[in-house]
Amino acid sequence: ITHTEDLEADLELLNQLLAGDITHYSMEKRYLRKDGQIIWIHLSVALVRDDENKPLFFISVIQNIDQSKRYISELEQAKVVLDSTQEAILITDLDLNIIRLNSAFEIMTGYKKDDVIGKEISLLFSKDINERLL
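Per our numbering, the very first residue in the sequence shown carries number 362; after that it's consecutive.
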C-alpha cells in the first residue's frame with residue numbers, strides 16, 4: 362500500500378532497523394488506498410528484539426496526516442498569491458498588530474516589513490485618524 366515513489370526510502374529505513382543501525386524511524390509517506398486514492402500518513406516504526414538481539418516483532422504507529430498536508434498546500438498557494446499580487450495587502454492579528462504584508466504594500470507605502478511587523482496598525486495612520494479611531 363506504500364506509494365511507489367516512497368517505497369525505496371521506507372525500505373532503506375527498514376533495512377537499517379533490521380541491521381541494528383537504528384532503533385526506530387519515522388517518516389511521512391503516501392499510502393495508496395484500495396479505492397485508488399492517495400493519502401498522506403506519518404509512520405513510526407520500532408523493532409522489538411529478544412534477549413539474543415533477534416527481531417521479534419515491529420511496533421508501527423500510523424497517523425493520517427492527509428488533511429494537514431492539504432492545509433499546508435493551501436497555505437503555500439495563498440502565500441504565492443499574496444507575494445505575487447500587485448495589490449497591497451496587510452494582515453493583522455485580532456489585536457490589530459501587523460503580522461504580514463506583501464511586497465506590493467512595501468512599494469506602495471514605503472514601509473518595510475522589518476519596520477512594521479509586530480507593530481500596531483495605528484502606526485500607519487495620522488495622529489488625527491488615530492484620535493478619531495480611539
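No residue lacks a Cβ here, since even glycine has one placed at the ideal position from N, Cα and C.
Out of Q438, K474, E366, H385, the CA that lies nearest to the CA of S421 is found in H385.
Residue pairing by DSSP puts F418 in a beta bridge opposite V409.
For L393, same chain residues with a beta-carbon under 7 Å away, outside a window of 5 residues either side, are I362, H364, I399 in chain order. When secondary structure is reduced to three states using DSSP, S487 falls in the coil class, being assigned neither helix nor strand. When the Cα atoms are used, A449 and N463 turn out to be separated by approximately 7 Å. As DSSP reads the structure, T363 sits in a beta bridge with Y392.
Note on geometry: alpha-carbon atoms of I402 and Q428 lie some 10 Å from one another. For L457 against I478, the beta-carbon gap comes to about 13 Å, at or over 8 Å, which does not count as contact. Under DSSP, T384 shares a beta bridge with no residue. Under DSSP, the beta-bridge partners assigned to L404 are M388, I423. Here DSSP, grouped into helix, strand and coil, assigns E481 to strand. Excluding sequence positions up to five before and after L374, its CB lies within less than 8 Å of the CB of I383, Y386, M388, V406, all in the same chain and listed in chain order. Here DSSP, grouped into helix, strand and coil, assigns L462 to strand. Linking L404 to E369 through their CA atoms gives a straight-line distance of about 15 Å.
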